[in-house]
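A.B. asks: Chains as they are written, first to last, in my numbering: chain A, 1 to 361; chain B, 362 to 722.
Think of the CB as a built atom: it goes at the ideal place given N, C-alpha and C, for glycine as much as any other residue.
Protein chains: 2
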Amino acid sequence: MAEKKIGNQTVKFENGPYIIGSAAIAGEKESEGPLKEWFDIKLDDDMFGEDTWEKAESKMLKEVMLLALQKSGKQKESIDIVLSGDLLNQIMSSSFMARDLKLPFLGLYGACSTMTESLLLGSMLTEGGFAHNIIVGASSHFCTAERQFRMPIEHGNQKPPSSQWTATAAGAMVVSETVMDLSKVGIAKSNGSSCGKCQNIKVDCGTIGKVIDAGIKDVNQMGSAMAPAAVDTILNHLQDTGRNLDYYDIVLTGDLGYIGKAIAKDLLVDAGIDKQVVDSRYDDCGAMLFYREEQKVQGGASGCGCSASVFSGHVISRMRAGELRRALILSTGALLSTISPMQGESIPGIAHAVVLETCDK
Amino acid sequence: MAEKKIGNQTVKFENGPYIIGSAAIAGEKESEGPLKEWFDIKLDDDMFGEDTWEKAESKMLKEVMLLALQKSGKQKESIDIVLSGDLLNQIMSSSFMARDLKLPFLGLYGACSTMTESLLLGSMLTEGGFAHNIIVGASSHFCTAERQFRMPIEHGNQKPPSSQWTATAAGAMVVSETVMDLSKVGIAKSNGSSCGKCQNIKVDCGTIGKVIDAGIKDVNQMGSAMAPAAVDTILNHLQDTGRNLDYYDIVLTGDLGYIGKAIAKDLLVDAGIDKQVVDSRYDDCGAMLFYREEQKVQGGASGCGCSASVFSGHVISRMRAGELRRALILSTGALLSTISPMQGESIPGIAHAVVLETCDK
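1. Would you decide whether Asp405/B is buried or exposed? Buried here means 16 or more other CB atoms lie within 10 Å of its CB.
2. Could you list which residues in chain B have their beta carbon closer than 8 Å to that of Gly33/A, in chain order?
3. Out of curiosity, what's the CA-to-CA distance linking Gln75/A and Gly21/A?
4. Interface residues of chain B around Val11/A at Cβ under 7 Å?
5. Taking C-alpha atoms, which residue in Val82/A, Ser307/A, Gly322/A, Lys55/A lies nearest to Val174/A?
6. How is Tyr258/A classed by DSSP in three states: helix, strand or coil?
7. Can you tell me where the alpha helix (DSSP H) holding Lys55/A begins and where it ends?
8. Put Glu718/B into one of helix, strand or coil per three-state DSSP.
9. What is the DSSP secondary structure of His675/B, counted as helix, strand or coil?
10. What residues of chain B sit near Tyr109/A, judged by a beta carbon separation below 9 Å?
11. Compute the distance between the beta-carbons of Leu697/B and Gln148/A, then report whether it is under 8 Å.
12. Since Gln582/B meets chain A, which of its residues come closer than 7 Å, beta carbon to beta carbon?
13. How far does the beta strand (DSSP E) with Asp607/B in it extend, from its first residue to its last?
14. So, is the C-beta of Gln343/A closer than 8 Å to a C-beta in chain B?
15. Of the residues that make up the region 561-579 of chain B, which ones have a beta carbon closer than 7 Å to any beta carbon in chain A?
16. Contact check, Gly615/B vs Gly660/B under 8 Å by CB: the rounded distance?
17. In angstroms, rounded to a whole number, what distance separates the CA positions of Gly349/A and His141/A?
18. From the DSSP output, in three-state form, read off Ala271/A for me.
19. Given this structure, state the Cα-to-Cα distance separating Leu482/B from Gly156/A, to the nearest angstrom.
20. Residues in its own chain within less than 6 Å of Lys275/A by CB, not counting five upstream and five downstream?
21. Please name the residue, chosen from His493/B, Ala586/B, Gly674/B, Ala588/B, that lies closest to Glu391/B on a Cα-to-Cα basis.
22. Following a CB-centred definition, is Thr253/A positioned closer than 7 Å to any heavy atom of the ligand NAD?
23. Could you check which residue in Phe672/B, Leu469/B, Gly666/B, Leu685/B has the C-alpha nearest to that of Gly446/B?
24. Roughly how many whole angstroms lie between the Cα atoms of Ser183/A and Ile201/A?
25. In three-state DSSP terms, what is Val658/B?
26. Starting from Ser317/A, find everything on chain B with Cβ-Cβ shorter than 9 Å and list it in chain order.
27. Are the region 5-23 of chain A and the region 486-498 of chain B touching, with three or more C-beta to C-beta distances below 8 Å?
28. Using a threshold of 8 Å, state whether the C-beta atoms of Val315/A and Ala459/B are closer than that.
29. Which same chain residues, not among the five before or five after Arg318/A, have their C-beta less than 7 Å away from its C-beta?
30. Asp44/A CB to nearest chain B CB: under 8 Å?
31. Short of 8 Å in beta carbon distance, which residues of its chain neighbour Pro152/A, apart from the five on each side in sequence? Order them along the chain.
32. Kindly say whether Ser701/B, judged by its beta-carbon, lies nearer than 8 Å to any beta-carbon of chain A.
33. Where does Ser190/A fall in DSSP's three states?
34. Contact check, Met65/A vs Ala308/A under 8 Å by CB: the rounded distance?
35. Cutting at 6 Å between CB atoms, please list the residues of its own chain near Leu628/B, excluding the five before and the five after it.
36. Kindly list, in the order they appear in chain B, the residues whose Cβ is closer than 7 Å to that of Ser337/A.
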């Protein structure tokens with residue numbers, strides 16, 4: 001038993017599982033950023049036709065899951081489990097999405113680490129033989145997060161330079177025991193047409209993160225709080241698998257932002273990883289989602305939807321098109337609550353890693 | 362593949378997994394109720410030596426997990442994953458517990474359905490070969506829940522007769538691929554001495570719930586909101602497994618309370634299950650935890666810790682002692698958020714079922 005565990009924190013998959021569908025949705029501002037070509041759905045109104053932001057976020061999550069399902073070629077009835085979470089209290093976006101989808105549902109809370117948490121759990125449940133197909137996903141919305149974690153946006157509060165901009169975005173993937181029918185695949189970038197050299201993508205392994213608390217108490221320094229957790233998971237992943245960082249074409253953290261990304265790079269180099277390898281492979285979704293100067297996002301992007309949309313859009317599409325073969329992706333979460341800083345607590349971080357690889361199957 | 366799935370929502374286990382340790386902790390009021398003899402730790406102060414209620418709840422969860430671990434005879438280093446959740450925003454109790462335990466952690470949110478959600482996920486990950494040993498658990502605290510979901514308790518607000526009393530309680534179990542060494546077992550009731558005829562307990566199967574919304578909009582009618590979800594999961598479980606309800610010695614829902622329990626019984630009988638079988642097998646933890654008249658708990662008990670402590674204490678101990686052979690347990694959650702009712706939403710419910718059986722191994 002436990003024959004799929006390697007090292008201390010890593011699980012290895014042998015029979016797939018495969019990513020047979022994925023989709024990304026993004027808000028107005030995100031759709032004007034450097035990654036705009038990779039989003040399947042671009043909102044021109046962040047209310048998305050709803051009368052509250054929370055309902056808009058829940059609808060984003062539902063729509064992106066349904067689109068990922070459609071792109072997988074599967075029917076809703078063939079989905080065994082939905083796994084998702086978000087930043088809202090009582091994961092309101094996910095709970096109401098699951099009510100509408102009417103499928104077996106397991107709710108998660110990993111703050112912004114939720115996308116890889118759901119993907120890793122979905123992969124284990126599929127590989128373990130408990131499901132044929134699972135939809136995984138995560139969402140966030142600037143306006144729901146601002147009023148819950150900071151101030152109502154109507155206040156027009158100024159944000160300090162280190163604070164991050166919660167992405168209005170969501171991503172979803174369909175994890176399956178079988179490979180997909182590649183003749184049906186459209187790459188987001190290539191105007192939806194099917195792709196001559198499309199690649200199947202399998203989940204190779206994953207590393208479950210530990211909660212790491214570096215003692216940061218400034219709630220406007222989320223990147224600094226999460227970077228040590230991200231690096232801890234990366235180093236444990238490399239140790240468990242016996243791989244070097246240059247095994248991967250790309251290594252992405254979730255939403256450390258500009259400051260956290262710089263700290264993570266320093267910590268990786270301090271741990272003995274070649275600086276050139278780090279510089280050429282490593283990036284952070286929170287540093288990729290917006291144009292730093294023009295879009296005025298202070299410390300960069302954050303939120304569950306940041307890494308969820310980048311992984312489900314940009315990364316999967318580039319892998320599908322054969323531009324990337326091996327990707328190490330980590331969503332990164334700050335596990336503070338709205339009251340824990342007021343009780344004198346520092347900000348614990350967590351990061352879960354998943355390895356995606358193209359395969360010839 | 363997916364050879365462990367039966368029917369639409371149920372997963373079946375063949376190689377265990379086993380419950381090799383469990384523990385329950387309860388607050389002052391809960392420790393004066395009918396189930397007091399089954400709690401391992403009884404608080405005489407619900408602050409538990411901390412300076413905030415939230416820190417007290419987190420400490421309860423940590424202590425009950427460490428006690429379950431100790432009772433399992435395992436070392437902390439042999440635990441691969443911790444799975445837990447609670448009712449607090451950003452699952453503060455679980456996140457800070459996980460920071461202190463320093464073990465790989467996957468956070469869950471299922472409202473009061475969390476205990477069986479964690480147990481079911483932990484069983485799948487163990488049976489799937491991804492872990493040797495997993496600690497699962499859930500917690501709640503009257504004072505943290507009151508101020509988050511209702512009013513600060515200092516207000517002294519009156520509660521309507523249908524409102525439920527959030528339990529100050531937590532429970533944890535150690536799920537393992539191997540059976541436990543029964544010579545080390547002490548039953549909570551029997552003053553900790555080892556037990557001559559102790560039984561091993563295996564997880565036989567589990568049914569993942571769907572979100573069911575019966576349209577209830579009164580936040581003081583949680584039992585009514587959750588009862589249809591509980592019954593939906595029970596009926597799907599029976600259909601998937603081909604069993605009748607009298608296959609089980611005991612069938613317990615999580616925290617429907619007095620009103621929800623009565624509705625669940627009616628719905629089960631309406632669905633064609635013999636009333637005598639329902640009357641003799643079925644009960645609800647929320648109706649069991651307190652003395653209804655003397656303890657003035659209005660609609661009964663609720664909270665993640667209600668079913669977590671009853672399952673981890675009362676049920677496991679009675680099974681260990683051979684008094685119960687087959688138990689169908691369901692934690693039941695109301696997936697509303699603190700703002701969803703103000704946005705006109707009704708209250709969605711969910712329930713996950715797990716079957717525990719004694720075995721001669």
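C.D. replies: In terms of the structure at hand:
1. exposed
2. Those do not exist, as Gly33/A stays about 27 Å from chain B at its closest Cβ, beyond 8 Å.
3. 12 Å
4. Phe491
5. Val82/A
6. helix
7. 53-72
8. strand
9. helix
10. Gly446, Gln451, Ile452, Ser455, Ser456, Gly468, Leu469, Tyr470
11. no
12. Within 7 Å Cβ-Cβ: nothing; Gln582/B doesn't reach chain A, min ~17 Å.
13. Premise fails: Asp607/B is in no beta strand (DSSP E) and is neither H nor E.
14. yes
15. Ile569, Gly570, Lys571, Val572, Asp574
16. Not confirmed; about 14 Å, so no contact.
17. 21 Å
18. coil
19. 43 Å
20. Val269
21. Gly674/B
22. Only the bare structure without any ligand can be found here, which leaves the ligand NAD out of the picture.
23. Leu469/B
24. 14 Å
25. coil
26. Those within 9 Å of Ser317/A in chain B number zero; the least Cβ separation is about 26 Å.
27. yes
28. no
29. Leu324
30. no
31. Glu146
32. yes
33. Its pLDDT being 49, under 50, Ser190/A is placed unreliably in this model, and the coordinates cannot settle the point.
34. Actually they are not in contact, since the Cβ atoms of Met65/A and Ala308/A sit about 11 Å apart, beyond 8 Å.
35. Val592
36. Leu449, Asn450, Gln451, Met453
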